[in-house]
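K.L.:
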Amino acid sequence: MSSLKPVRGTHDILPGDLRRHRHVENAAFETAGRYGFEEISTPIFEFTEVFSRTLGDTSDIVTKEMYTFADKGDDLITLRPEGTAGIARAFISSGLSHQLPLKFFYRGPMFRYERPQKGRQRQFHQVGVELLGVDSPLADVEVISIASDFLSALGVDGKVVCELNSLGDSDSRSAYRQTLVDYLMDHINSLSEDSRARLDRNPLRILDSKDKGDRAIIADAPLITDCLNDPSKRFFDELLEGLEISGVAYTLNPKLVRGLDYYCHTAFEFTTDALGAQGALVAGGRYDGLIKQMGGPQTPGTGWAAGVERLALMIDDPIGKKRPIAMIPIGNEAAELVLRLTQELRRAGHTIDLGYAGNMKKRMQRANKISACAAVIIGEDELSKNAVVVRDMDSGEQTEIPLSTLEDFLSRFL
RNA sequence: GUGGCUGUAGCUCAGUUGGUUAGAGCAUCGGCUUGUGGUGCCGAGGGUCGGGGGUUCAAAUCCCCUCAGCCACCCCA
4 MSSLKPVRGT
14 HDILPGDLRR
24 HRHVENAAFE
34 TAGRYGFEEI
44 STPIFEFTEV
54 FSRTLGDTSD
64 IVTKEMYTFA
74 DKGDDLITLR
84 PEGTAGIARA
94 FISSGLSHQL
104 PLKFFYRGPM
114 FRYERPQKGR
124 QRQFHQVGVE
134 LLGVDSPLAD
144 VEVISIASDF
154 LSALGVDGKV
164 VCELNSLGDS
174 DSRSAYRQTL
184 VDYLMDHINS
194 LSEDSRARLD
204 RNPLRILDSK
214 DKGDRAIIAD
224 APLITDCLND
234 PSKRFFDELL
244 EGLEISGVAY
254 TLNPKLVRGL
264 DYYCHTAFEF
274 TTDALGAQGA
284 LVAGGRYDGL
294 IKQMGGPQTP
304 GTGWAAGVER
314 LALMIDDPIG
324 KKRPIAMIPI
334 GNEAAELVLR
344 LTQELRRAGH
354 TIDLGYAGNM
364 KKRMQRANKI
374 SACAAVIIGE
384 DELSKNAVVV
394 RDMDSGEQTE
404 IPLSTLEDFL
414 SRFL
C-alpha cells in the first residue's frame with residue numbers, strides 16, 4: 004500500500020490549496036508584467052552539467068540535493084533544483100545575446116532531495132524573474148522592486164523584511180575571503196565542527212551559522228562591506244539610492260551570504276519569521292559571471308526566485324470562484340429542454356451546473372452545497388406554459404418568466 | 001544526512017494502570033418533507049488503530065524494525 008502514497012516530500016495539491024498557489028503565481032506574473040517581463044518556460048530537466056558547473060562544486064544543492072539519473076541513452080540528467088541555470092542555458096542555446104536586455108518571468112516545479120519540513124518539500128514550486136544584459140545597478144533596483152510590489156500585492160509585506168548585502172566583485176570577494184579566513188583561523192579551536200569544515204570550502208557561509216559559539220566569533224568578524232573596492236562600493240551605493248527613490252524599504256545585513264557560487268555584488272532575501280526555519284520567501288542577487296562560465300558571451304544578470312508553497316502558507320483563500328446557476332428539471336419530459344438550455348447558457352457565458360440525477364429535493368440540496376446563486380426550475384407546469392421559474396438562492400425569491408427571456412433575466416446574476 | 005516529537009473514521013480529536021463488538025464532533029448518506037435547498041429532529045454507513053514483527057491468556061495501549069508528517073540542525077524558495 005505504500006505505493007498508493009505520494010513519494011516522500013511530494014504532495015497532491017487539491018483545489019483549495021491550488022487556488023492559493025495560483026493566486027501567488029498570478030500576482031508575481033502580473034507584477035513582473037508591469038515591469039515589462041515576459042514569461043519563459045524551460046524544461047524541468049537538463050543535462051546534469053548545466054547545474055553542476057554553475058551552482059558550484061561545494062554547494063549543498065550539487066553535492067547532495069540533486070535528483071540525478073541516467074536516461075536510456077546513458078545521458079546524465081538532473082531534475083532542475085532551481086531556475087536560473089536553465090534560463091542561462093536557454094539564453095545561450097537560443098542565441099539571444101543580440102536582443103539584450105532581456106526580462107524573463109518563470110514559474111514551475113523544482114526538485115531538491117532534502118528532508119521535508121513545513122515549507123520545504125522535495126518537489127516544490129517557484130516563480131522568479133531574471134534580467135539579463137544590464138550592468139547598471141538600476142537592474143537590481145528594478146528586480147528588487149518587483150519582489151517588493153509582488154509581496155505587497157499578496158498582502159504579506161507587513162510580515163516580511165528585505166535584507167540586503169553586497170558581495171562585491173570577484174576581487175573584493177576574494178580579498179574579503181582571505182581577510183575572513185585569517186580572522187577565523189585565530190579562533191579555529193572555538194569554531195563548531197560544521198564551521199571548521201566550511202573554512203576551506205565556503206568560509207562566507209560560516210557567517211550565518213546558528214551555532215552559539217560561532218555566533219560569538221562572527222560578531223567581531225570583519226565585514227564584507229568594509230572590504231569592497233571602489234567600483235563595488237559605488238555599485239552598492241547606487242543600488243541603495245535607487246531603492247530609496249523607488250520607495251523600497253530594506254535592512255542592511257552584512258552577514259547575508261548566498262549558497263550558490265555564481266552570485267556577485269547584490270544579494271538579498273525577503274524573509275519572515277512566520278514560517279519557522281524556512282523563513283526565506285524570496286531570494287536572489289546578481290550573477291555577472293554565470294553565462295560566460297557556462298560557455299556563453301559575457302552577459303550580466305540579476306534576478307530572484309520565490310517559493311510558491313511558502314507564500315501560499317501566508318495568505319488566505321482568495322475564493323474568487325464563480326457561483327454557478329443550477330438547472331433543476333422535474334420529470335423526464337423536461338430533461339431534453341434542460342440539456343439544450345444548459346448548453347446555450349454556457350455558450351452565452353454563464354456557469355451552469357447540471358445536477359445529473361435525483362429528484363427535485365436532491366437537486367436543490369446539491370445546488371445549495373455548491374453555493375449556486377440561482378436555480379432554474381422546469382417541470383410540467385412550466386413546460387405547458389413555455390416558461391421557467393428562477394429561484395434566487397440567497398433570498399429564496401422565485402420568479403416565473405417566459406422561456407425566451409431566460410438568458411436576459413439571468414444576466415442579473417453575472 | 002543528524003537529533004527529537006507525533007501517527008486512532010474523509011477532517012479535528014477522545015480512548016484512563018494492556019481487559020468484552022474502538023468512541024465523539026464535523027462531514028457523508030437516508031428519513032421527517034411524493035415540485036423546493038440552507039436551520040431543526042431521527043437514523044445509517046464508514047476504522048487492516050500508518051505498516052511489519054515480537055512480548056502476553058489478552059496490545060490502539062509495552063518492545064523492536066520500517067514508513068510518513070512535524071520541530072531543530074544542515075541548507076535553502
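Remember, the working numbering sits 3 above the position in the first sequence when you count from 1.
For each residue, glycine too, the CB sits at the ideal point set by N, CA and C.
Bear in mind the structure is a predicted one, so any value in this text is a computation, not a measurement.
1) In the DSSP output, which residue or residues are listed as bridge partners for residue 205?
2) DSSP three-state label for residue 109, please.
3) Nearest-angstrom Cα distance between residue 334 and residue 162?
4) Cβ atoms of residue 251 and residue 376: under 8 Å apart, would you say?
5) In angstroms, rounded to a whole number, what distance separates the CA positions of residue 228 and residue 170?
6) Only counting the same chain, and skipping five residues up and downstream in sequence, which positions put a Cβ closer than 7 Å to that of residue 4?
7) Assign residue 434 to one of three DSSP states: helix, strand, or coil.
8) For a quick check, are the C-beta atoms of residue 304 and residue 58 less than 8 Å apart?
9) Could you have a look at residue 336 and say whether DSSP puts it in helix, strand or coil?
10) Starting from the N-terminal side, write out each stretch of the beta strand (DSSP E) that is 3 residues or longer and does not extend beyond the region 220–274.
11) Tell me the DSSP secondary structure of residue 45 in three-state form.
12) CA-CA distance, residue 336 and residue 402?
13) Taking only the alpha-carbon atoms, compute the straight-line gap between residue 87 and residue 176 and give it to the nearest angstrom.
14) Can you tell me where the beta strand (DSSP E) with residue 289 in it begins and where it stops?
15) If you compare alpha carbons, which of 75, 84, 120 is closest to residue 48?
16) Just list the residues that DSSP pairs residue 330 with in beta bridges.
17) Among the candidates 40, 41, 284, whose CA atom is the shortest distance from the CA of residue 155?
18) Could you check what DSSP says for residue 363 in three-state terms: helix, strand or coil?
19) Compare the beta carbon distance of residue 184 and residue 202 with 8 Å and say whether it is the shorter of the two.
20) Where residue 151 and residue 241 are concerned, what is the direct C-alpha to C-alpha distance, given to the nearest angstrom?
21) Could you tell me whether the region 127–134 touches the region 27–43, where touching means 3 or more Cβ pairs closer than 8 Å?
22) DSSP beta-bridge partners for residue 168?
23) Once DSSP output is grouped into helix, strand and coil, what is the label at residue 40?
24) Taking the alpha-carbon of residue 312 as reference, which of 71, 189, 16, 92 has the nearest alpha-carbon?
P.N.:
Taking the coordinates as given:
1) For residue 205, which the question treats as bridged, DSSP gives no partner whatsoever.
2) In the structure shown, residue 109 sits in a strand (DSSP, three-state: E or B).
3) 56 Å
4) Contact: no.
5) Going by the C-alpha atoms only, they are around 8 Å apart.
6) Bear in mind that the predicted position of residue 4 carries a pLDDT of just 37, short of 50, making it unreliable; the figure below should be weighed with that in mind. None.
7) Nothing about residue 434 can be read from this structure; the chain reaches only from 4 to 417.
8) no
9) helix
10) 267–274
11) coil
12) 21 Å
13) The alpha-carbon atoms of residue 87 and residue 176 are separated by roughly 22 Å.
14) 283–289
15) 84
16) 357, 379
17) 284
18) helix
19) yes
20) 18 Å
21) yes
22) Per DSSP, 270.
23) coil
24) 16
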